[in-house]
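Read in numbering that gives the first Met the number 0, the sequence shown has 327 at position 328, and its numbers run on one by one without any break.
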Amino acid sequence: MVFVDSHPSYTGTILRVRGPLELKCRLDSTEVSQIQKVISGTFETLRSQVKSESCVLTVCDSPVVIWPNKGVKATPDEITPDTLCEEIHQWIQTDEQESFGKKSGKKKSKKGSAVSVINLRLMMEVSRPGPLPAPILSKTVQKSHFLSTTLPMDCVVRNHLSVLINLSLTHHHTHYSSRLVEALAHQLCEMEKVTLQHMKGTSLLVPEPFHFLLPEPAGLVTVVYPAGVPDSQLETQRKELHQQFELPDDRPYFRRANAYHFPNEPYRDGYLRNPHLVLTHPTLDDGKVYLVQGIYSYHHYMQDRMDDNGWGCAYRSLQTICSWFQQQGYVERPVPTHREIQQALVDVGDKQPSFVGSRQWIGSIEVQAVLNQLLGVTSKIMFVSQGSELASKGRELANHFLTEGTPVMIGGGVLTTGQIRYLILDPHYTGAEDLQVITDKGWCGWKGPDFWDQTAYYNLCLPQRPKMT
Numbered sequence: 000m001v002f003v004d005s006h007p008s009y010t011g012t013i014l015r016v017r018g019p020l021e022l023k024c025r026l027d028s029t030e031v032s033q034i035q036k037v038i039s040g041t042f043e044t045l046r047s048q049v050k051s052e053s054c055v056l057t058v059c060d061s062p063v064v065i066w067p068n069k070g071v072k073a074t075p076d077e078i079t080p081d082t083l084c085e086e087i088h089q090w091i092q093t094d095e096q097e098s099f100g101k102k103s104g105k106k107k108s109k110k111g112s113a114v115s116v117i118n119l120r121l122m123m124e125v126s127r128p129g130p131l132p133a134p135i136l137s138k139t140v141q142k143s144h145f146l147s148t149t150l151p152m153d154c155v156v157r158n159h160l161s162v163l164i165n166l167s168l169t170h171h172h173t174h175y176s177s178r179l180v181e182a183l184a185h186q187l188c189e190m191e192k193v194t195l196q197h198m199k200g201t202s203l204l205v206p207e208p209f210h211f212l213l214p215e216p217a218g219l220v221t222v223v224y225p226a227g228v229p230d231s232q233l234e235t236q237r238k239e240l241h242q243q244f245e246l247p248d249d250r251p252y253f254r255r256a257n258a259y260h261f262p263n264e265p266y267r268d269g270y271l272r273n274p275h276l277v278l279t280h281p282t283l284d285d286g287k288v289y290l291v292q293g294i295y296s297y298h299h300y301m302q303d304r305m306d307d308n309g310w311g312c313a314y315r316s317l318q319t320i321c322s323w324f325q326q327q328g329y330v331e332r333p334v335p336t337h338r339e340i341q342q343a344l345v346d347v348g349d350k351q352p353s354f355v356g357s358r359q360w361i362g363s364i365e366v367q368a369v370l371n372q373l374l375g376v377t378s379k380i381m382f383v384s385q386g387s388e389l390a391s392k393g394r395e396l397a398n399h400f401l402t403e404g405t406p407v408m409i410g411g412g413v414l415t416t417g418q419i420r421y422l423i424l425d426p427h428y429t430g431a432e433d434l435q436v437i438t439d440k441g442w443c444g445w446k447g448p449d450f451w452d453q454t455a456y457y458n459l460c461l462p463q464r465p466k467m468t
């Protein structure tokens, strides 16, 4: 099977810890070296905090609290050094559950999810045992500059279901809570580098962590970027990362749009992503599966408060393709609307101005023109005189998915013969974003020979990947 996807292909658990850390420091000098020294000292203090006994990790939506730097200390008492990561899920409250507490049976993951996530919150204890010292008030008159910002800590540790969470440090294991503390300290080092590198005078840019899922064996990697600096100005850093992880320099891996989307987080725009992932692959003797690489959004009739039922199928297919280029980091512009698509065709001289705002169909040739006009993406067109000939194009299409990996738009008549099956994402669907309906009813599914008009012609638009880092 040949399948490259931006979702993890392993089964296991990701421990993810997030939380704010306050960066506060007073600058008594405007000298660059002195400012850098003070900021570095402040980051060192923060690293000491996450390694101190005051550091607390709480499992979100649960009563579980872990003190990673206090040896064997966690609540509830049932959680021991031998507690499995997957058992932590039993303490997590889901939307369907009304109260906290240990659950009988293991939590089932959602359909199509190959990885589970345990979210933890980074906190600091502020209370101290014993009597408090008497307060002391002092007054100093001095002109200085005060810097204050919130660091958005976001660290991940990946493990497999068979591995113990090991909350304590024993002579046999390195516990995962300790690994999270190490990850937090390392991230503070990376944030310090980014902060000092992009400081202008006494103003600083907030360092932001992003997670990227790379081909194995690298796996999930975290990179810190300065907020407000566009991807176009971070090319040097990305090239260094490509060299570090021995990645090809003709595909983007570290643009912000490529950041890993955790399976337990909904997409804010409401579109479904990669509905084909929940499908069972067809069983063919010695068959191989060639699929789209990466992530796309499913666009179809009647979305976006737009009634295009009966005429907008190619527009929706084009939007799905545009979403792929956007979410793979090749372009930053949003998915175009029907009107923007029509205007692009007018701008290139393919249509008259009256075409904008109309309900006229478009096909594969127009899709090719719009991709080039709006995204700067070139495409190949595969001409098939009748559906019965599509079987002979299987090897060519397989090579496309293997090398380019982009969604293919099929226009023309109303694909498959013999031992070939085609995975089709149908834009004619008019319902809600219901993954089960879409897959059960075949709007996204593998199609056999009877699906295609054997006498109708087809034009297939095969978008090509740009060469870029």
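A virtual CB, placed ideally from N, CA and C, is assigned to each residue, including glycine.
With DSSP collapsed to three states, give me the class of residue i.
i: F42; result: helix
i: D27; result: coil
i: T12; result: strand
i: K69; result: coil
i: T402; result: helix
i: H185; result: helix
i: Y314; result: helix
i: L195; result: helix
i: H275; result: helix
i: T319; result: helix
i: I34; result: helix
i: R178; result: helix
i: E21; result: strand
i: G410; result: strand
i: V49; result: helix
i: D534; result: Residue coverage of the chain in this structure runs from 0 to 468, which leaves residue 534 outside it and unanswerable.
i: S391; result: helix
i: L126; result: In the sequence under discussion, the amino acid at residue 126 is Ser, which differs from the Leu named in the question. Three-state DSSP puts S126 in coil, outside helix and strand.
i: M190; result: helix
i: L203; result: coil
i: R358; result: coil
i: D153; result: strand
i: E97; result: Confidence at E97 is low in this model, with a pLDDT of 44, below 50, so its placement is unreliable and the value that follows should be read with caution. E97: coil per DSSP, three-state reduction.
Would you give the residue range spanned by the alpha helix (DSSP H) that residue i belongs to?
i: S363; result: S363 to V369
i: T235; result: E234 to Q243
i: I340; result: H337 to D346
i: I437; result: L434 to D439
With 16 as the cutoff for other CB atoms within 10 Å, does residue i come out buried or exposed?
i: K466; result: exposed
i: G348; result: exposed
i: Q96; result: Bear in mind that a pLDDT of 47 at Q96, under 50, signals an unreliable position, so the number given afterwards is only what the model happens to contain. So Q96 counts as exposed.
i: A73; result: buried
i: Q324; result: Going by the sequence as given, residue 324 is Phe instead of Gln. Burial call: buried.
i: P67; result: buried
i: M152; result: buried
i: P333; result: exposed
i: I320; result: buried
i: A133; result: exposed
i: H337; result: buried
i: R127; result: exposed
i: G70; result: exposed
i: T377; result: exposed
i: T438; result: buried
i: V156; result: buried
On the DSSP bridge assignment, give the partners of residue i in chain order.
i: C59; result: None; C59 has no bridge partner.
i: G328; result: In the DSSP output, where bridge partners are listed per residue, G328 has none listed.
i: W445; result: L422
i: H299; result: Answer by DSSP bridge pairing: none, since H299 is not bridged.
i: H144; result: L26
i: T74; result: V64
Can you give me the start and stop residues for the beta strand (DSSP E) that residue i sits inside?
i: R120; result: V114 to M123
i: L497; result: Given a span of 0 to 468 for the chain in the structure shown, any question on residue 497 remains unanswerable.
i: T221; result: G218 to P225
i: E207; result: P206 to L213
i: I87; result: Run containing I87: none in the beta strand (DSSP E); it sits in the alpha helix (DSSP H), C84 to I87.
i: F470; result: Residue 470 lies beyond the range of the chain shown here (0 to 468); nothing can be said about it.
i: L305; result: Leu is not the amino acid found at residue 305; the sequence shown has Met there. No beta strand (DSSP E) contains M305, which DSSP labels as neither H nor E.
i: F382; result: S378 to V383
Could you check whether the stretch 296-306 touches the stretch 269-281, counting it as contact only if at least three pairs of C-beta atoms, one from each stretch, sit closer than 8 Å?
yes
Taking 8 Å as the threshold, find out whether the stretch 190-199 comes into contact with the stretch 35-52 through three or more Cβ pairs.
yes
Any contact of the stretch 220-229 with the stretch 199-207, i.e. 3+ C-beta pairs under 8 Å?
yes
Would you say the stretch 209-216 touches the stretch 175-186, given that touching needs at least three Cβ pairs under 8 Å?
no
contact_flag[the stretch 280-296, the stretch 454-462] where n(CB pairs < 8 Å) is 3 or more:
no
Are the stretch 21-30 and the stretch 142-149 touching, with three or more C-beta to C-beta distances below 8 Å?
yes
Could you say if the stretch 237-254 and the stretch 357-368 meet the contact criterion of at least three C-beta pairs nearer than 8 Å?
no
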